[in-house]
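Chemist: Numbering (our numbering), first residue to last: 4 to 393.
For each residue, glycine too, the CB sits at the ideal point set by N, CA and C.
As the structure is a prediction and not an experimental result, all values here were calculated from the model.
Quick one: structure below, then a few questions.
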Amino acid sequence: MTSATQAVQEWGWSYAPGSSQTTPQEAQISDSAIPDEIYTEDDSYVEDVPEARLAPEVKASEMMARPIATRLGTVPKIFHQSWIDSNLPTKFQQWSENCRKVHHDYEWVLWTNEDNENLVRKHFPWLLEAYVSLPSDIYRADFARNLYMYIFGGVYADLDTDCLRSSNVIFENYSTPYDTAAHVVVGEDESPNRMAFFGRMGTDKQFEHSIPNAWMASTPGHPFFLIPLESVLKRFSREKQWADLPEDVTGPVALRQAILKYRKHYAWQKSPEALEKHMERHIFAGPYKKRPDLKHTVQLLHHNVIYPFSWGPDNYDMSETCWVLQDTYNAENCKKALEVEAKGSVTITYWSHTHSPTGHSDENLEFITKRDRISGFTARRFRRSEARRT
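Next up, the structure:
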């Protein structure tokens with residue numbers, strides 16, 4: 004029995020690629036609950052990818068200089084990540100390089116704080132005042148990932164996310180085209196559906212952190228991403244100050260609220276033109292035009308796909324092994340205990356919590372860096388010891 008078959012049986016999802024049953028993208032967000040569709044497909048892992056082959060880096064300035072995408076139903080092969088500057092802490096660099104190995108046929112772009120502001124200035128000048136007024140860089144970093152998805156599309160992942168397999172398997176299971184080219188080739192069919200993907204964390208749908216913004220993927224120009232933009236703009240216009248934590252303003256709590264709002268008012272199957280009509284002035288102010296001829300869908304993935312380790316109540320028993328801030332953290336033991344291979348997980352996030360309301364948590368960064376140095380020293384000493392024995 005393949006791991007894909009095991010996962011289908013375990014989660015009770017009867018869809019199989021090529022079957023006549025309901026396809027995942029047809030199972031839209033309903034009134035009663037956000038659905039728990041899953042994907043299971045490819046069994047390839049990073050070990051199968053040549054170690055030296057990484058997704059080539061593209062500078063953010065080059066990305067911003069490109070023409071706006073015209074293939075609005077296709078996920079471009081762009082892997083976005085962000086940090087304060089271009090100097091990644093060692094552990095983050097390791098996880099990032101692993102994601103670049105897994106997505107070696109993608110382009111990789113690292114957005115810095117300066118790049119984020121330049122992106123707003125170029126494509127969203129009407130948002131600039133609200134953007135710069137946000138209390139700290141973490142608010143702005145959370146906010147900016149919505150812009151990556153809306154302007155460019157592709158995949159975004161936090162730097163404490165480890166990629167276990169290519170995100171392409173998700174797109175294949177939801178019949179969503181993906182490609183490197185962002186522009187229509189003459190005679191090529193265009194998907195009629197704009198797709199945005201997010202992962203569920205844990206099994207408690209009422210938990211306000213249950214839809215993290217640590218990973219997301221989308222076709223470019225998806226109108227959903229205008230909802231969190233509008234939320235920030237309205238709050239700025241109304242309050243002129245930011246009393247809430249970043250999670251509530253631009254982070255995971257805000258993302259979940261945006262998805263609930265989308266489900267209630269703007270889901271395409273409820274009212275095909277409602278979202279773009281409501282966001283009309285923002286669309287006209289931005290790089291894309293209204294496209295009522297294209298469907299739009301927000302798809303939530305089963306918690307085992309993107310976030311097999313939850314920092315919430317679901318996985319308290321796994322925290323000592325899986326949480327990177329624990330002295331007893333061990334990534335390999337964590338993945339084995341969570342059965343990520345059998346369950347078809349695409350990523351796992353170790354929740355470094357290196358952000359604080361005022362910026363970055365230097366304490367957590369120092370802890371991870373110091374422990375990583377010790378681990379590296381121990382591994383080198385072990386290899387020397389083994390060499391002497393042989």
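1. Would you list the residues sitting across from D182 in a DSSP beta bridge?
2. For R239 versus A147, is the C-beta distance shorter than 8 Å?
3. I need the boundaries of the beta strand (DSSP E) containing M198, first residue and last residue.
4. So M204 and H212 are in contact, right, with Cβ under 8 Å, and what is the actual spacing, rounded?
5. Curious, which full-length alpha helix (DSSP H) runs of at least 4 residues does the region 312–336 contain?
6. Less than 8 Å separating the beta-carbons of G156 and N216?
7. Are at least three pairs of beta-carbons, each pair with one atom in the region 287–306 and one in the region 263–273, less than 8 Å apart?
8. Go through the region 98–168 residue by residue and report every complete run of the beta strand (DSSP E) that reaches 3 residues or more, in order.
9. What is the residue span of the beta strand (DSSP E) that V301 lies within?
10. Could you check the C-alpha separation between Q260 and Q329 for me, to the nearest Å?
11. Out of E120, L167, N90, state which residue places its alpha-carbon closest to the alpha-carbon of K346.
12. Taking just the CA atoms, how far does P128 sit from L236?
13. Where does Q260 sit, in a helix, a strand or coil, going by DSSP?
14. Hey, how far is the Cα of I81 from the Cα of A72?
15. Terminal residues of the continuous alpha helix (DSSP H) containing S221?
16. Comparing alpha-carbon positions, which option in I154, D108, F174, E100 lies nearest P290?
17. Since S85 sits in a beta bridge, which residues does DSSP pair it with?
18. In chain order, what residues of the same chain lie with their CB nearer than 6 Å to the CB of N116, ignoring the 5 residues before and after it?
19. Please return the same chain residues whose Cβ sits closer than 7 Å to the Cβ of V327, not counting the five positions on each side in sequence.
20. Span of the alpha helix (DSSP H) holding S173?
21. State the DSSP-derived secondary structure class of I71, mapped to helix, strand or coil.
22. Going by DSSP, name the residue or residues bridged to I230.
23. State buried or exposed for R387, treating a residue as buried only when at least 16 other CB atoms are found within 10 Å of its CB.
24. Quick one: using the 10 Å Cβ neighbour count with 16 as the cut-off for buried, is R403 buried or exposed?
25. One question on the structure: do R294 and L75 come within less than 8 Å of each other, judged by their Cβ atoms?
26. Give me the residue from L131, S85, P79 with the minimum Cα distance to Y109.
27. Does T324 have its Cβ less than 8 Å from a Cβ in chain D?
28. Roughly how many whole angstroms lie between the Cα atoms of F201 and L232?
29. When you compare each of Q209, L113, K292 to A58 by their alpha carbons, which one comes out closest?
30. Ignore the nearest five residues each way along the sequence and tell me which others in T322's own chain have a CB closer than 8 Å to its CB.
31. What does the alpha-carbon distance come out to for the pair H126 and N333?
32. Start and end of the alpha helix (DSSP H) containing P249?
33. Indicate whether Q97 and A160 have their beta-carbon atoms separated by less than 8 Å.
34. Please go through the same chain and pick out, in chain order, the residues whose beta-carbon is closer than 6 Å to the beta-carbon of V158, but skip the five residues on each side of it.
35. Whole-angstrom Cβ separation of Y265 and F227, contact assumed at under 8 Å?
Modeler: With the structure as the only source:
1. Bridge partners of D182: P79.
2. Before going further, note that residue 239 is Phe rather than Arg in the sequence given. Between F239 and A147, the C-beta gap is not smaller than 8 Å, which leaves the two residues out of contact.
3. M198 -> beta strand (DSSP E) spans 196–202.
4. Separation of the CB atoms of M204 and H212 is rounded to 7 Å, and the pair is thereby assigned contact status at 8 Å.
5. DSSP assignment within the region 312–336 yields the following whole alpha helix (DSSP H) runs of 4 residues or more, N-terminal first: 322–325.
6. No, these two residues do not count as a Cβ contact at 8 Å.
7. With three or more CB-CB distances shorter than 8 Å, the region 287–306 counts as touching the region 263–273.
8. Scanning the region 98–168 for uninterrupted beta strand (DSSP E) segments of 3 residues or longer gives 110–114, 157–160, 164–166, listed from N- to C-terminal end.
9. Element bounds for V301: 298–304.
10. Rounded to the nearest angstrom, the two C-alpha atoms are 30 Å apart.
11. If we check each option's Cα against that of K346, L167 comes out closest.
12. Going by the C-alpha atoms only, they are around 12 Å apart.
13. Q260: helix per DSSP, three-state reduction.
14. Cα to Cα, the separation comes out at about 12 Å.
15. Looking at the DSSP string, S221 is not in any alpha helix (DSSP H); the run it does join, the beta strand (DSSP E), is 218–221.
16. Closest by C-alpha distance to P290, out of I154, D108, F174, E100, is I154.
17. Under DSSP, S85 shares a beta bridge with W114.
18. Listed in chain order, the non-local C-beta contacts of N116 below 6 Å within the same chain comprise I87, D140, local neighbours out to five positions each way being set aside.
19. Here the set comprises D163, Y353, W354, S355, I371.
20. The sequence given here places Ile at residue 173; Ser does not occur at that position. Per DSSP, I173 belongs to the alpha helix (DSSP H) from 171–176.
21. Residue state, collapsed to three classes: coil.
22. The partner list for I230 (beta bridge, DSSP) is empty, contrary to what the question assumes.
23. Residue placement at R387 cannot be trusted, given a pLDDT of 45 that sits under 50; the coordinates are not used to answer.
24. Here the chain covers residues 4 to 393 and nothing more, so residue 403 does not appear.
25. At a Cβ-Cβ threshold of 8 Å, R294 and L75 count as neighbours.
26. Of L131, S85, P79, the smallest CA-CA separation from Y109 is found for P79.
27. Judged by its chain identifiers, the structure shown contains no chain D, having just a single protein chain.
28. If I take the Cα positions, the gap works out to 17 Å.
29. Among Q209, L113, K292, the Cα nearest to that of A58 is on L113.
30. A small fix is needed here, since residue 322 is Ser in this sequence, not Thr. Apart from sequence neighbours up to five positions away, the residues of its chain that approach S322 with a beta-carbon distance below 8 Å are W314, Q329, ordered along the chain.
31. If I take the Cα positions, the gap works out to 42 Å.
32. Note, P249: alpha helix (DSSP H), 249–252.
33. No, Cβ-Cβ distance for Q97 and A160 is not below 8 Å.
34. Closer than 6 Å at the Cβ level, and outside the excluded window around V158, lie F82, S170, A220.
35. About 6 Å separates the two Cβ atoms, so the contact holds.
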